[in-house]
Amino acid sequence: LTLLGLEKSKVRKWCGAGDIMSAVDMDGKLYSCHREITENICLSDPNESNTEMAPSKCASCVFTNACPHCEVLNLSENGIRANRTGYHCEFIKAQFVSTARLAYSKLNDKLDSAEEFTDEELKLLRGVLFVNDHIDDLLS
311 LTLLGLEKSK
321 VRKWCGAGDI
331 MSAVDMDGKL
341 YSCHREITEN
351 ICLSDPNESN
361 TEMAPSKCAS
371 CVFTNACPHC
381 EVLNLSENGI
391 RANRTGYHCE
401 FIKAQFVSTA
411 RLAYSKLNDK
421 LDSAEEFTDE
431 ELKLLRGVLF
441 VNDHIDDLLS
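Below you can see the structure in the form of structure tokens.
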């Protein structure tokens, strides 16, 4: 997934908690996100980005870094902020397949013509091909 900017060695932080987003409770206490208030959890360092995941089915998935997640929900459900919940896994996989099919249908006409692809279109096509190459991983 390097070509998509999603290197396996770097787990992407998907939300803006502690970065571009914050929440304040009724007593004026500052939290990195609204979920910390409702879950009564405080992440020790909201700007800290996990570089290693706790063991889970996500750790072996080739789409891990393209999959959004919530560290507060992980911590609330699993006791470890790096051990992701799997609630949305099937939905996200279906999104990958659908998006790849849509992108391919948009690029298909250009594949048959002599027109050259732009850099963005080539990047999109590489992503479509990557999803196609790993379709069995997505559907399992």
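Residue numbers (the numbering used here): 311 to 450.
Virtual Cβ for every residue (Gly too), placed ideally from N, Cα, C.
From residue i to residue j, what does the alpha carbon distance come to, in whole angstroms?
| i | j | result |
| --- | --- | --- |
| CYS399 | LYS367 | 10 Å |
| ALA410 | TYR397 | 22 Å |
| ALA424 | PRO378 | 37 Å |
| LEU448 | LYS420 | 27 Å |
| THR428 | TYR414 | 15 Å |
| PHE406 | GLY338 | 40 Å |
| ALA376 | SER386 | 22 Å |
| ARG394 | ASN418 | 36 Å |
| GLU431 | PHE401 | 25 Å |
| ALA333 | GLU426 | 48 Å |
| ASP443 | LEU435 | 12 Å |
| GLU381 | LYS403 | 20 Å |
Given that a residue counts as buried once 16 or more other Cβ atoms are within 10 Å of its Cβ, and exposed if not, what is residue i?
| i | result |
| --- | --- |
| TYR503 | Within the shown structure, residues of the chain are numbered from 311 to 450, placing residue 503 beyond reach of any answer. |
| THR361 | Unreliable placement is indicated for THR361, whose pLDDT of 48 sits below 50; the coordinate value is still reported in the next sentence. When all chains shown are included, THR361 counts as exposed. |
| ALA327 | buried |
Can you check DSSP and say which residues form a bridge with residue i?
| i | result |
| --- | --- |
| TYR414 | According to DSSP, which records beta bridges pairwise, TYR414 is partnered with nothing at all. |
Where does the unbroken alpha helix (DSSP H) through residue i begin, and where does it stop?
| i | result |
| --- | --- |
| VAL372 | Looking at the DSSP string, VAL372 is not in any alpha helix (DSSP H), and its letter there is neither H nor E. |
| ASP447 | 445-449 |
Next on the checklist: In chain order, what are the residue ranges of uninterrupted alpha helix (DSSP H) at least 4 long that sit wholly in the segment 379-443?
Outcome noted: 381-388, 399-422 and 429-443
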